[in-house]
Amino acid sequence: MAKLIEVKSLGGTNFVRPDRVIAIQTSATGSTVIVLEGGAVVNSSETTLAVAARLRAVEDEQ
1 MAKLIEVKSL GGTNFVRPDR VIAIQTSATG STVIVLEGGA VVNSSETTLA
51 VAARLRAVED EQ
């Protein structure tokens, strides 16, 4: 089963598959936008660096 990372959003919590992430961006308002395969986006209230660190940690485990 694929690993999931928890990402906090303004409305609650999202779970993202690290192997499907294409890019992590900071929006004009300062929030984080996670771009997934297929063009889906997940907005997060966490910093871009915090999300990137968790994605990197999962990658290092493999």
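Numbering follows full-length UniProt numbering, with no gaps: position 27 of the sequence shown is 27. Even glycine gets a Cβ: it sits at the ideal position worked out from N, Cα and C.
So, using beta-carbon positions, are residue i and residue j closer together than 7 Å?
i	j	result
V42	A23	no
T29	T48	no
Could you check the C-alpha separation between residue i and residue j for me, to the nearest Å?
i	j	result
S27	E59	24 Å
P18	G12	19 Å
E37	V21	6 Å
A2	R56	15 Å
A50	A40	20 Å
Using only alpha-carbon positions, find the residue among the options that is nearest to residue i.
i	options	result
E46	A2, K3, N14 and L4	N14
residue 122	A2, L4 and Q25	Coverage of the chain is limited to positions 1 through 62, which leaves residue 122 absent and any answer about it impossible.
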